[in-house]
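Sequential numbering from -18 applies to the sequence shown in our numbering.
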Amino acid sequence: MMVFLPMVSVVVPVFNGEADLPDLIECLRSQSYPPDKVEYIFADNNSRDRTSTILQQTVSRSPSVSH
């Protein structure tokens, strides 16, 4: 029997998240929901730290992440 799993979008608002982003991204990647059924959208609120750089690096390595 095939189980239906809907597409899921996870929207994460971020402001100056440099210190927390690496752990958060690792936590999201380790979830058990099928990776082809989930997308992660990070909304950066004009951070003044390295948040944007970290998100850009993550986007370049993972097609399910957008910034």
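We treat Cβ as the ideally placed atom computed from N, Cα and C, and that holds for glycine.
In the DSSP assignment, ALA24 is bridged to PRO(-6). Beta-bridge annotation (DSSP): VAL46 is paired with TYR21. Each of ASP1, ILE6 and LEU(-14) was checked against the Cα of ILE22, and the nearest Cα belongs to ILE6. Burial check for VAL46: the Cβ neighbour count within 10 Å reaches 16 or more, so the residue is buried. In the three-state reduction of the DSSP assignment, VAL(-16) falls in the coil class. PRO(-6) is positioned such that its CB atom lies closer than 8 Å to that of ALA24.
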